[in-house]
Amino acid sequence: MIVYLGLLQKAIQMNVGDHSGTRGFVLDILRHGRGEHPTLQALDFFLALNWTAELDQFSNEHLKENSRREQLQNLEELVHEARLKLERRADGTYPFNEKKKGPLTLQRENARRRVEGTARTVLTYLSASLKDLRRRASGNATLLNTVNGIQKTLLGMQNTLVADIHYLRRADSDEEWRKSESRRLGKLVQNRLDFLQNPTDCSQRRFVVCNLRQACGFGCLLHHACYCLLVAYATNRTFLLQEGEGGLLFGQHKWSSVFKPLSKTCKTYPVPTLLDHKVAMMKKLEFKKPIVGIHIRRTDKVQKVEDRRPEAKYHSLEEYMGHIDTYFREREHRWNIGKRKVYPTYMFVSDNNVSMLASAKSRYSNTSLLGIIMDISFLSMSDFLVCTFSSNVCRAAYELMQANEGDASSYAVSLDKRFYFNGQRDERMWTVEKHKAENRHQLSFESGDLLQIIGNDLSGMVSRALNLRTGKEGVFPTYKAVKEIVAVKMPTYPEVGEPNEA
Numbered sequence: 003m004i005v006y007l008g009l010l011q012k013a014i015q016m017n018v019g020d021h022s023g024t025r026g027f028v029l030d031i032l033r034h035g036r037g038e039h040p041t042l043q044a045l046d047f048f049l050a051l052n053w054t055a056e057l058d059q060f061s062n063e064h065l066k067e068n069s070r071r072e073q074l075q076n077l078e079e080l081v082h083e084a085r086l087k088l089e090r091r092a093d094g095t096y097p098f099n100e101k102k103k104g105p106l107t108l109q110r111e112n113a114r115r116r117v118e119g120t121a122r123t124v125l126t127y128l129s130a131s132l133k134d135l136r137r138r139a140s141g142n143a144t145l146l147n148t149v150n151g152i153q154k155t156l157l158g159m160q161n162t163l164v165a166d167i168h169y170l171r172r173a174d175s176d177e178e179w180r181k182s183e184s185r186r187l188g189k190l191v192q193n194r195l196d197f198l199q200n201p202t203d204c205s206q207r208r209f210v211v212c213n214l215r216q217a218c219g220f221g222c223l224l225h226h227a228c229y230c231l232l233v234a235y236a237t238n239r240t241f242l243l244q245e246g247e248g249g250l251l252f253g254q255h256k257w258s259s260v261f262k263p264l265s266k267t268c269k270t271y272p273v274p275t276l277l278d279h280k281v282a283m284m285k286k287l288e289f290k291k292p293i294v295g296i297h298i299r300r301t302d303k304v305q306k307v308e309d310r311r312p313e314a315k316y317h318s319l320e321e322y323m324g325h326i327d328t329y330f331r332e333r334e335h336r337w338n339i340g341k342r343k344v345y346p347t348y349m350f351v352s353d354n355n356v357s358m359l360a361s362a363k364s365r366y367s368n369t370s371l372l373g374i375i376m377d378i379s380f381l382s383m384s385d386f387l388v389c390t391f392s393s394n395v396c397r398a399a400y401e402l403m404q405a406n407e408g409d410a411s412s413y414a415v416s417l418d419k420r421f422y423f424n425g426q427r428d429e430r431m432w433t434v435e436k437h438k439a440e441n442r443h444q445l446s447f448e449s450g451d452l453l454q455i456i457g458n459d460l461s462g463m464v465s466r467a468l469n470l471r472t473g474k475e476g477v478f479p480t481y482k483a484v485k486e487i488v489a490v491k492m493p494t495y496p497e498v499g500e501p502n503e504a
C-alpha cells in the first residue's frame, strides 16, 4: 500500500489543476491493491480532492470483492471515518497535512470522562427502572405497550448518545494522542525496568527477592509478582524470585518454564517459546475481530467447598450476554451495519480442553498453566470485555488492555465489583454538589466533602461511604462525586532518558 500511496501522491503532483485525468489513474492503482486493507491515509487522498463519487465507487467495488467479515467491518469503519473527515474539512484543507495541536489538558480529559460516566449511569438507571416497570405492568396490556414504546425510544437514544461519545473521544485526534502517549510512557517505563533489571555488576546491586508461596491461583500470583516489581521500582532495586519453592509460579512450575528471565545479567534462564504457542493458538481458534471477551467464573470460585465460602457470586450466562448484545447493537448503529448482515449469530471461540482443566484437581498442570496465560492474553486483545473484577484473571486482562488502548475504561464491564488491586489505599471521592438525605439510609453532604467509599452496587449508581467531615455513614448517588486522585512521588531514573519516537 505504501507504493500505491506514493503513486497517488505523484499523480496529484503531476495534475494539480485538473483532476479529471488523474481520477481514472488513481482508481486503477487502488484496484490493484484489493488484496490489502485500504488505509485511512489512502482514503484521505480522495477527501483532499473532494472526490466523493470516487470514494463511493472504490468502497463499493472493494466491498463486493472482499466479503470476509473482518475486511467488511474494517472498510466500513474507514469509509465512515473518512466521511466525518470530509465534513470537518469543508474549507478545502488537506486532512493528511493536519497535525495534532498539542496534548490533552487534564481538565478537558476529566470533563470528557465525567460526561461519559454520567451518561452511562443515566442509561443504566433508566433501563433498570423500565425493567422494573415492565414487571409491574404484567397483565396490563395498555401499560405494557406504553413501557415497550418508551424502551424502544430509549434504545434509539442510547445508540445515538453512545455513538456521539465515541466520536467525542476521537475529536481533534485525541484518541490517537492517548494511544501514542500511552505507548511512549510504556516504552519509558520498560526502559527504566530494563535498566533496573540488568545491572552491569550484580554484586553491587540491592535486590527485592519475591516469594510466591501464597496459596492462590495464577492471577493472584501474577499480581503478587507485580507488587514485588512495584517495590523494586520505588526503591531502586533489582527484582528477583526466590530460589527453590519460593520461585514457583503455578503448582510445581517455575516462572522460567513459561516466561523470559526477569534479569539477563543477574540470573540465567532458558528462553521459552510462549510467543510461538500464542501464535499457534490464534490460528487454531481463528481469533478475529470484532470480538468480545467473556470470562465466566465457575468451579470452586463460585461454589462452597467444605467450610470455605465461595470467592464470588454466581452470575448466569444471560447476564453476560445482555452486555454483549448492547455492545454489538451500539457498534452496529455507529458503523451503520445491519446485525442480520454481519452478525447473524454469535460464534463462541474457546479452547474447551483448557476450560475443563480449570477444575481444582487439574488446574496446576503445565497445560492448564499455558491455558490460563493464553486466556488472559486473548481476553486483553478483545474489543470489549465482560467479566467480574472480583477475579484476578479478569483484572489482569483489563490491566493489559490499558497498554493496548491508552484508556480502556469504556471497553470493559464488570458484573460485580469496580476495578481495584489488593492492598490499595482506601478509595475516596470528592463531592461536587450538595446532597440531602431523603431517608435514614442516605448520606447527607456538602459540596467539597471527602467521602471514604465502603461499597457500591453493581450498576455504580449508588455507593456507600463515610463522610470524613461529619463522621456519618450512608448511601448516596455516585454521580454527585468524583474520585480522589493521589499522585505518589517515584524515582524517575534520569540516566535512562526518553524513548525514541520510532
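Quick note on the numbering used here: the sequence shown kicks off at 3 and runs consecutively.
Note that CB positions come from ideal geometry on N, CA and C, so glycine has one too.
Element boundaries [alpha helix (DSSP H), containing residue i]
i: Gly-158; result: 143–172
i: Ile-378; result: 368–382
i: Asn-193; result: 176–199
i: Phe-220; result: 220–236
Residues bridged to residue i [DSSP beta-bridge criterion]
i: Met-431; result: Leu-453 and Lys-485
i: Glu-296; result: Looking at the sequence provided, one finds Ile at residue 296 rather than Glu. Answer is Val-388.
i: Gln-444; result: Val-477
i: Ala-282; result: BP columns for Ala-282 are empty, so no partner.
i: His-437; result: Phe-447
i: Val-464; result: Pro-479
i: Ser-1; result: The shown model of the chain, from 3 to 504, leaves out residue 1, and the question about it has no answer.
Inter-residue Cα distance where the pair is residue i and residue j
i: Gly-37; j: Val-498; result: Any reading at Gly-37 must be qualified, since the residue scores a pLDDT of 39, below 50, and its modelled position is unreliable; no value is offered.
i: Asn-161; j: Glu-321; result: 20 Å
i: Thr-240; j: Thr-433; result: 41 Å
i: Tyr-96; j: Glu-177; result: Because Tyr-96 carries a pLDDT of 38, less than 50, the predicted location of this residue cannot be relied on, and the following value inherits that uncertainty. Those two C-alpha atoms are separated by around 20 Å.
i: Leu-381; j: Val-233; result: 27 Å
i: Met-506; j: Lys-285; result: No statement about residue 506 is possible, as the shown extent of the chain runs from 3 to 504 and does not include it.
i: Ala-173; j: Thr-123; result: 23 Å
i: Val-484; j: Met-431; result: 5 Å
i: Lys-154; j: Ala-130; result: 14 Å
i: His-443; j: Glu-475; result: 8 Å
i: Lys-491; j: Val-149; result: 53 Å
i: Asp-385; j: Tyr-316; result: 25 Å
i: Leu-198; j: Met-376; result: 28 Å
i: Leu-243; j: Phe-478; result: 44 Å
i: Val-488; j: Ser-140; result: 49 Å
i: Glu-183; j: Asn-406; result: 11 Å
i: Lys-103; j: Asn-424; result: The predicted position of Lys-103 is uncertain, since its pLDDT is 49 and thus under 50; no value can be drawn from it.
i: Thr-480; j: Ala-217; result: 35 Å
i: Ala-227; j: Ala-410; result: 23 Å
i: Asn-112; j: Lys-482; result: 15 Å
i: Ser-416; j: Tyr-127; result: 16 Å
i: Glu-440; j: Cys-230; result: 46 Å
i: Ala-509; j: Ile-378; result: Any property of residue 509 remains undetermined from this structure, which presents the chain solely from 3 to 504.
i: Asp-196; j: Ala-121; result: 42 Å
i: Val-419; j: Thr-202; result: According to the sequence displayed, residue 419 carries Lys and not Val. C-alpha separation (whole angstroms): 44 Å.
Coarse secondary structure for residue i, derived from DSSP in three states
i: Ala-2; result: The structure shown does not extend to residue 2, since the chain is modelled only from 3 to 504, so the question has no answer here.
i: Arg-208; result: coil
i: Ala-139; result: coil
i: Cys-389; result: strand
i: Thr-126; result: helix
i: Thr-328; result: helix
i: Phe-261; result: coil
i: Lys-491; result: coil
i: Asn-469; result: strand
i: Asn-458; result: strand
i: Gly-119; result: helix
i: Leu-277; result: helix
i: Ser-131; result: helix
i: His-335; result: helix
Cβ-heavy atom distance, residue i to the ligand GDP, below 8 Å
i: Ser-411; result: In the structure shown, the ligand GDP is absent, as is every other ligand, since no ligand is present at all.
Beta strand (DSSP E) segment containing residue i, residue limits
i: Phe-478; result: 475–479
i: Leu-214; result: Counting along the chain, Leu-214 falls outside any beta strand (DSSP E), and DSSP gives it neither H nor E.
i: Leu-243; result: 240–243
Is it a yes or a no for the stretch 387–399 touching the stretch 452–459, going by three-plus beta-carbon pairs under 8 Å? no
Decide yes or no for the touch test of the stretch 206–215 against the stretch 464–472: beta carbon pairs closer than 8 Å, at least 3 of them. no
How do the stretch 229–247 and the stretch 275–290 stand: do at least 3 beta-carbon pairs fall below 8 Å, yes or no? no
Under 8 Å, with one C-beta from each stretch per pair, do the stretch 281–301 and the stretch 317–331 reach the 3-pair mark? yes
Inter-stretch contact at 8 Å, needing at least 3 Cβ pairs: the stretch 207–223 / the stretch 158–174: no
Give a yes or no on contact between the stretch 184–198 and the stretch 215–226, applying the rule of three or more CB pairs nearer than 8 Å. no
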